[in-house]
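Novice: Submitted below is the structure of interest, expressed as structure tokens.
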DNA sequence: AATTGACAATATGGGCATAATTTGTCTATT
DNA sequence: AATAGACAAATTATGCCCATATTGTCAATT
């Protein structure tokens with residue numbers, strides 16, 4: 001569907017797509033601060049250093065902009081998370097740290113009080129996409145835990161890798177609500193990882 | 204301060220205090236469903252099967268009723284939790300299950316959409332009481348974990364009993380937000396306990 | 001100790017007109 | 001490809017009035 005121009009650059013990424021990505025990053029910042037309802041196209045345009053009409057040149061309307069923002073954000077979050085999980089030569093704990101940083105930690109402390117309508121808007125405009133992507137994230141974490149040998153370590157306790165992954169997600173969710181800053185979150189979640197990976201520590 | 208009447212009963216609990224406790228239990232149900240703002244004294248009175256004036260006979264006003272409700276609820280939650288942690292002849296996992304049931308699980312699924320102002324009201328009318336009690340809960344859990352020998356098991360991983368306790372609290376917080384029913388919460392938290400207690404399982 | 005009925009003072013919610021903002025779409029221009 | 005200016009339509013915020021609900025406190029009663 002996308003009009004594939006010939007302006008492909010060294011990286012293999014069309015210039016227009018990286019431009020679009022810049023706009024979406026700016027939009028994410030504004031949506032996170034003000035929520036869907038209280039975010040105006042003008043505010044997004046100013047945050048992205050473009051004119052309001054420049055926004056409409058890339059996105060049909062506010063709904064379209066929001067859909068694209070969520071898709072881009074959650075898509076790159078999942079991609080970054082999977083990349084972190086696959087890093088060669090890193091111990092499990094470090095890979096988990098990177099994955100959960102990409103998936104949640106990166107966004108802790110960036111949401112304002114009016115942002116409580118974001119989930120509702122996302123569900124209304126994108127259906128089960130967020131939920132689906134979250135399931136894929138859990139899948140990826142569970143697979144990594146299994147390959148790292150945690151399945152055997154937790155077998156006696158009757159806990160599956162999937163349950164370990166879901167438990168880490170639940171902990172991250174809780175910390176997201178109780179931590180004010182990103183640093184606080186990362187530090188507390190590092191503990192959660194040490195706890196989960198404890199059976200791997202040779203003593 | 205309390206006018207100690209001579210109507211002490213078999214249990215050693217004055218009849219008026221158990222009456223008061225009944226009123227507070229009813230009040231908790233209403234506050235949980237409707238929040239502080241949208242709860243009326245009339246609603247509480249009807250839920251407790253007393254007249255509205257009967258309520259004012261026990262509590263000076265709505266603020267007083269709310270303060271007493273929060274104090275009673277959080278106080279008995281902490282007491283029940285400590286009791287569960289001290290149960291003789293129960294394994295650690297079972298004691299933790301009881302403690303977190305008394306502290307959080309018991310209340311999962313009982314809060315309505317309008318209840319989001321409860322924390323704010325509690326902070327405004329009771330200061331740091333809720334926060335303080337939560338700290339005491341963490342202390343109690345941490346002490347139990349230490350006595351159960353988890354400190355030694357997690358020493359190699361560099362995790363203290365207090366960090367284990369705080370991590371369990373974070374997980375409980377996350378599950379509270381993602382679980383719709385109490386059963387769902389208890390089941391998921393049982394997994395969290397198995398993970399935390401895994402080092403104790405002899406294999 | 002608790003209930004009923006009643007009361008004034010206050011708080012809250014709905015409706016409505018108006019002002020202000022925002023949206024989406026034009027043009028003309030660089 | 002992007003900007004600026006302008007525009008009508010739609011949405012949202014604001015102030016006000018009024019009806020209703022709620023609060024806190026009476027006195028009378030069981």
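Protein chains in written order, with this note's numbering: chain Y, 1 to 203; chain D, 204 to 406.
Glycine residues also receive a C-beta, built at the ideal position from the N, C-alpha and C atoms.
All values reported here derive from a predicted model rather than from experimental measurement.
Per DSSP, what kind of secondary structure is residue 307 of chain D in: helix, strand or coil?
Specialist: Correct three-state label for residue 307 of chain D: coil.
Novice: Report the rounded CA-to-CA distance for residue 352 of chain D versus residue 222 of chain D, giving the unit in angstroms.
Specialist: Rounded to the nearest angstrom, the two C-alpha atoms are 42 Å apart.
Novice: Using the Cβ count rule (16 or more neighbours within 10 Å means buried), how would you classify residue 308 of chain D?
Specialist: Counting Cβ neighbours within 10 Å, residue 308 of chain D comes out buried, since at least 16 surround it.
Novice: Quick one: list the residues of chain Y neighbouring residue 402 of chain D, beta-carbon separation under 8 Å, in chain order.
Specialist: Neighbours of residue 402 of chain D on chain Y, chain order: 198, 199.
Novice: Does residue 330 of chain D come out as helix, strand or coil in the three-state DSSP assignment?
Specialist: The answer is coil: DSSP assigns residue 330 of chain D none of H, G, I, E or B.
Novice: State yes or no: is the beta carbon of residue 118 of chain Y nearer than 8 Å to at least one beta carbon in chain D?
Specialist: Cβ-Cβ to chain D under 8 Å: no for residue 118 of chain Y.
Novice: Closer than 7 Å between beta carbons: that is the criterion. Which residues of the stretch 346 to 374 of chain D meet it against chain Y?
Specialist: Listed by position, the residues of the stretch 346 to 374 of chain D near chain Y (Cβ gap below 7 Å) are 357, 359, 360, 361, 362, 366, 367, 370, 373, 374.
Novice: Run through chain Y and tell me which residues come within less than 7 Å of residue 330 of chain D, C-beta to C-beta.
Specialist: Within chain Y, no residue comes near residue 330 of chain D; the closest Cβ sits about 19 Å away, beyond 7 Å.
Novice: Compare the C-beta of residue 175 of chain Y with all C-beta atoms of chain D and state if any pair is closer than 8 Å.
Specialist: At least one chain D Cβ lies under 8 Å of residue 175 of chain Y.
Novice: Nearest by alpha-carbon distance to residue 319 of chain D: which of D:240, D:226, D:393 is it?
Specialist: Residue 319 of chain D has its Cα closest to that of D:240, out of D:240, D:226, D:393.
Novice: Can you tell me whether residue 389 of chain D is helix, strand or coil according to DSSP?
Specialist: In this structure, residue 389 of chain D counts as helix in the three-state DSSP scheme.
Novice: Please give me, in chain order, every unbroken run of the alpha helix (DSSP H) with length at least 4 that falls completely inside the stretch 212 to 275 of chain D.
Specialist: As far as the stretch 212 to 275 of chain D is concerned, its whole alpha helix (DSSP H) runs of at least 4 residues are 218 to 237, 244 to 250, 255 to 261.
Novice: Taking 8 Å as the cut-off, does the stretch 279 to 288 of chain D touch the stretch 252 to 267 of chain D (at least 3 CB pairs, one atom from each stretch)?
Specialist: They do not touch, by the three-pair rule.
Novice: Using a Cβ-Cβ cut-off of 8 Å, state whether residue 248 of chain D counts as contacting chain Y.
Specialist: Chain Y contact via Cβ: absent.
Novice: Let me confirm a value: residue 366 of chain D is counted as buried when at least 16 other C-beta atoms fall within 10 Å, else exposed. Which label applies?
Specialist: That one is buried.
Novice: Whose C-alpha, out of D:383, D:370, D:387, D:397, is nearest the C-alpha of residue 191 of chain Y?
Specialist: Taking only the C-alpha atoms, the option nearest residue 191 of chain Y is D:370.
Novice: What is the C-beta distance between residue 300 of chain D and residue 159 of chain Y, in whole angstroms, given that I count them as a contact (C-beta under 8 Å)?
Specialist: Actually they do not touch by this definition, with Cβ atoms about 15 Å apart.
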